[in-house]
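Residue numbers for the sequence shown follow the working numbering, beginning at 41 and rising by one. Cβ atoms here follow ideal geometry from the backbone N, Cα and C, with glycine treated the same way. If you're wondering where the values come from, they're calculated on a predicted model, not measured in any experiment.
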Amino acid sequence: MNAFDRLPGFVQTPAGRERDVLRLLPRVLVFGTLLLSLPSLAARIFLGEWDAVEASTGLQMVDILALGIVVLHWTAVLTVAIAAFIVMVMKGPAYVADAYPLEDSETPDSPGCRQPASF
């Protein structure tokens, strides 16, 4: 028996929205990252007229918030990618599992059958 024997009679489910989501995710990742980085760039442009100490404090705060939001965006995109990949794999073909001999018995007295613990 081959490890990748397909289950006979299984009808594969056609691809759905998960393929569209997977194709769209790289663009969402790049454009979302660029869009979420804009506040940091805007702060550099508009805070340049302030006092150096106030400007550096404001820039650090904006940079930290922008970085946190970008990392959150990356995490959300990765989570959606994992979910779409799982759906895609689950819609794929079914394979025959390895056959293991079933050691089951009708009587509990046979060897190999566990007795329930008595209290």
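Cβ-based burial, residue i [other Cβ within 10 Å; buried from 16]
{"i": "Leu81", "result": "exposed"}
{"i": "Ala116", "result": "exposed"}
{"i": "Ala123", "result": "exposed"}
{"i": "Ala92", "result": "exposed"}
{"i": "Ala55", "result": "exposed"}
Residue i to residue j span [Cα, whole Å]
{"i": "Thr73", "j": "Pro48", "result": "46 Å"}
{"i": "Glu58", "j": "Ile109", "result": "25 Å"}
{"i": "Val136", "j": "Arg46", "result": "6 Å"}
{"i": "Glu94", "j": "Ala106", "result": "18 Å"}
{"i": "Phe71", "j": "Ile85", "result": "21 Å"}
{"i": "Phe50", "j": "Leu99", "result": "59 Å"}
{"i": "Phe125", "j": "Ser96", "result": "43 Å"}
Nearest-angstrom beta carbon gap, residue j and residue i [assumed within contact, 8 Å]
{"i": "Val61", "j": "Pro79", "result": "The pair is not a contact, with the Cβ atoms about 27 Å apart (cut-off 8 Å)."}
{"i": "Leu65", "j": "Ala121", "result": "5 Å"}
Among the options, the one whose alpha carbon lies nearest that of residue i
{"i": "Val111", "options": "Arg67, Leu76, Ala55, Val51", "result": "Leu76"}
{"i": "Arg67", "options": "Leu118, Phe44, Ile104", "result": "Leu118"}
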